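K.L.:
One structure follows; several queries about it will come next.
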Amino acid sequence: YSFKTSNNAPGKFTKLFSLDPRTGEIRTKAALDYEESSAFEIAVRARDKGSPAMEGHCHLRVELIDIND
Numbered sequence: 001y002s003f004k005t006s007n008n009a010p011g012k013f014t015k016l017f018s019l020d021p022r023t024g025e026i027r028t029k030a031a032l033d034y035e036e037s038s039a040f041e042i043a044v045r046a047r048d049k050g051s052p053a054m055e056g057h058c059h060l061r062v063e064l065i066d067i068n069d
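Under UniProt numbering, the first residue of the sequence shown is numbered 1, with each subsequent residue one higher.
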């Protein structure tokens, strides 16, 4: 699989999120800060190891809710 980000630096995204290659589940790795970034736009591409390889694409938007902390 691979990540492509629309409005965030890819290095920052991979520090904050992880994707389980078996299930496709996306999780946060660290606390997210609304003031730093209120949303993330992510394009995920997955490809199997078949011959010929099959590929799928998904676009995801993660929006944060501001909570006074």
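Where is the CB? At the ideal position from N, CA and C, for every residue including glycine.
These numbers were taken from a predicted model, which means no experiment stands behind them.
DSSP beta-bridge partners for glycine 56?
P.N.:
Here residue 56 is taken as the residue at index 56 of the sequence shown, counted from 1. Beta-bridge pairing links glycine 56 to Ala46.
K.L.:
Tell me which residues share the same chain as arginine 61 and place their Cβ nearer than 8 Å to its Cβ, disregarding the 5 neighbours each side in the sequence.
P.N.:
Taking the first residue of the sequence shown as 1, we reach residue 61 at position 61. Counting only Cβ-Cβ distances below 8 Å, and skipping sequence neighbours, we find Ala39, Phe40, Glu41, Ile42.
K.L.:
Roughly how many angstroms separate the alpha carbons of aspartate 45 and asparagine 68, rounded to a whole number?
P.N.:
Within the sequence shown, residue 45 is the residue found at index 45, counting from 1. Within the sequence shown, residue 68 is the residue found at index 68, counting from 1. For the record, residue 45 in the displayed sequence is arginine; it is not aspartate. Arginine 45 and asparagine 68: Cα-Cα distance of roughly 35 Å.
K.L.:
Could you pull out every residue in the same chain whose Cβ sits closer than 6 Å to the Cβ of glutamate 55, ignoring the five residues on either side in sequence?
P.N.:
As a first step, residue 55 is located in the sequence shown; it is residue number 55 there, counting from the start. Excluding residues within five positions, the ones whose Cβ falls inside 6 Å are Arg47.
K.L.:
Cβ of leucine 32 within 8 Å of Cβ of leucine 64?
P.N.:
Along the sequence shown, one-based indexing puts residue 32 at 32. Along the sequence shown, one-based indexing puts residue 64 at 64. Contact flag set, yes.
K.L.:
Assuming arginine 27 and serine 37 are in contact, meaning their beta carbons sit under 8 Å apart, how far apart are those beta carbons, in whole angstroms?
P.N.:
Locating residue 27 in the sequence shown gives position 27, where the first residue counts as 1. Locating residue 37 in the sequence shown gives position 37, where the first residue counts as 1. The pair is not a contact, with the Cβ atoms about 17 Å apart (cut-off 8 Å).
K.L.:
If you compare alpha carbons, which of Asp66, Arg22, Ala30, Lys29 is closest to lysine 49?
P.N.:
As a first step, residue 49 is located in the sequence shown; it is residue number 49 there, counting from the start. Looking at the Cα atoms, Arg22 is the closest of the given residues.
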